[in-house]
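Residue numbers (our numbering): 169 to 391.
We put the beta carbon where it would ideally sit given N, CA and C, even for glycine.
Written as structure tokens, this is what we have:
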């Protein structure tokens, strides 16, 4: 979840107080910058960071992939802001993460996501090098089907990645259009390089499952 319009997106989806108390966002006029983080944030840990047995993975994932409801957008904005408002999604988020863990895993490979990133958001990734993306991340195995934005995230996945779920026909009615792979919230990434390809900035990332299991990525002398 990255750069969004304050009134068009944030207020419309979550209300006027959506960013109140958020330490992960930076507002610049009508633009809201959503930053990556080196730790699992307070409200996520309090309300959502628990391991559950998934009750109905197909139903849970379909609720997320049905774009027409904008449920996915509310979930991801709430995670990206990490305010007290995250509590209203405390039943659904652990179930969606558990559903991703439970489904057939995507083989090792490369996935793509097109996003609009501000210089501030890219700079924070470069500063941290290792970071969590708080929101769930929709990607595609086909670079041509990734959103056409100013930045392309190229994400390398390890073999049998627990944090990635192949979105099959039973999990989304948009399967054929998107060829989606859904990444769990608070997946941890290593930034490998930043390049420029014409007008598109290309960020190469590696999803690190070991780091994803940690609560903080702050350097502790082991790296």
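The straight-line gap separating the alpha-carbon atoms of residue 282 and residue 313 is approximately 9 Å. Residue 189 carries a coil assignment under DSSP once its states are collapsed to helix, strand and coil. Here residue 173 is bridged, per DSSP, to 199. When Cβ pairs closer than 8 Å are counted between the two stretches, the region 230-244 is seen not to touch the region 188-201, the count staying below three. Counting only unbroken stretches of 3 or more residues, the beta strand (DSSP E) elements lying wholly within the region 305-361 are 305-308, 319-325, 332-334, 348-351, in sequence order. If you look at residue 301, you'll find it in the beta strand (DSSP E) that goes 298-301.
For residue 365, the three-state secondary structure derived from DSSP is strand.
Exclusion of the five residues before and after residue 286 leaves 171, 201 as the residues of its chain whose Cβ lies within less than 6 Å of its Cβ. By the beta-carbon neighbour count (other beta carbons within 10 angstroms, threshold 16), residue 227 is exposed. Residue 342 and residue 305 have their C-alpha atoms spaced approximately 16 Å apart.
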